[in-house]
Every structure is written in structure tokens, then in C-alpha cells.
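The sequence shown lines up with residues 929 to 995 when you count with this note's numbering. Written out below as C-alpha cells is the structure these notes cover.
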Amino acid sequence: RVPWVTVSTGKRACLGELLARSELFLFFTSLLQKFTFQAPPNTTLSLQYKLGIAVGPQPYKICAVPR
Numbered sequence: 929r930v931p932w933v934t935v936s937t938g939k940r941a942c943l944g945e946l947l948a949r950s951e952l953f954l955f956f957t958s959l960l961q962k963f964t965f966q967a968p969p970n971t972t973l974s975l976q977y978k979l980g981i982a983v984g985p986q987p988y989k990i991c992a993v994p995r
């Protein structure tokens, strides 16, 4: 058993991370409540992906229509 405990034991975390996560949740929830997201007229969205260091979606455009 160690007779002393260092200050830096445990998981490190940013003090503002919890606030940032809740703010992002509220922001995106507000967007989803106020807008309908859809593809532009006469276009289809592709489910193909782009390979790189990480796998990501192909670039595409969407329309945000007020409800």
C-alpha cells in the first residue's frame, strides 16, 4: 500500500467538457426541432464512404427547411 496519493491520479478531463457537451446537445436538438433536413431537389444522397486516415462520408449538400 502506498502511504501517499499523488494529485494526478485518476482520469484527466477538461473542466468545461460537461458544459460543452450539454451545450452541443441543446444546439443540435434546437436545430432538429426547428428545421427539416432533406436533400436538394432532383438529387439523391450517396451512402458511399471516403477512405483516408479515417473513414468518412462523401461531401454532399442538404437543405434545412423551416418547419
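Just so you know, even glycine gets a beta-carbon here, dropped at the ideal spot from N, CA and C. What you are looking at is a predicted structure, and each value in this text was computed from that prediction instead of being measured.
Straight-line CA distance for residue i to residue j?
{"i": "THR947", "j": "GLY980", "result": "For clarity, residue 947 is Leu in the given sequence; the question names Thr instead. Distance between the alpha carbons of LEU947 and GLY980: 32 angstroms."}
{"i": "LEU959", "j": "GLU951", "result": "12 angstroms"}
{"i": "THR972", "j": "ALA982", "result": "24 angstroms"}
{"i": "THR957", "j": "CYS942", "result": "23 angstroms"}
{"i": "LYS939", "j": "ARG949", "result": "18 angstroms"}
For residue i, which residues in the same chain have their Cβ closer than 8 angstroms to its Cβ, ignoring the five residues on either side in sequence?
{"i": "PRO968", "result": "LYS989, ILE990 and CYS991"}
Note down, in chain order, each residue of its chain lying with its Cβ closer than 6 angstroms to the Cβ of residue i, except the 5 sequence neighbours on either side.
{"i": "ASN970", "result": "none"}
{"i": "GLN976", "result": "GLN986"}
{"i": "LYS978", "result": "GLY984 and GLN986"}
{"i": "GLN966", "result": "CYS991"}
{"i": "SER974", "result": "GLN986"}
Would you mind reading off the limits of the alpha helix (DSSP H) that contains residue i?
{"i": "ALA948", "result": "945 to 962"}
Quick one: what does DSSP say residue i is sitting in, helix, strand or coil?
{"i": "LYS939", "result": "coil"}
{"i": "GLN976", "result": "coil"}
Within its chain, find whatever has a CB closer than 7 angstroms to the CB of residue i; leave out the 5 residues flanking it on each side and keep chain order.
{"i": "THR964", "result": "VAL993 and ARG995"}
Over the uninterrupted beta strand (DSSP E) stretch that includes residue i, give me the two end residues.
{"i": "VAL993", "result": "991 to 994"}
So, is the C-beta of residue i closer than 7 angstroms to a C-beta in chain C?
{"i": "PRO985", "result": "Among the chains in the structure shown there is no chain C, since it carries only a single protein chain."}
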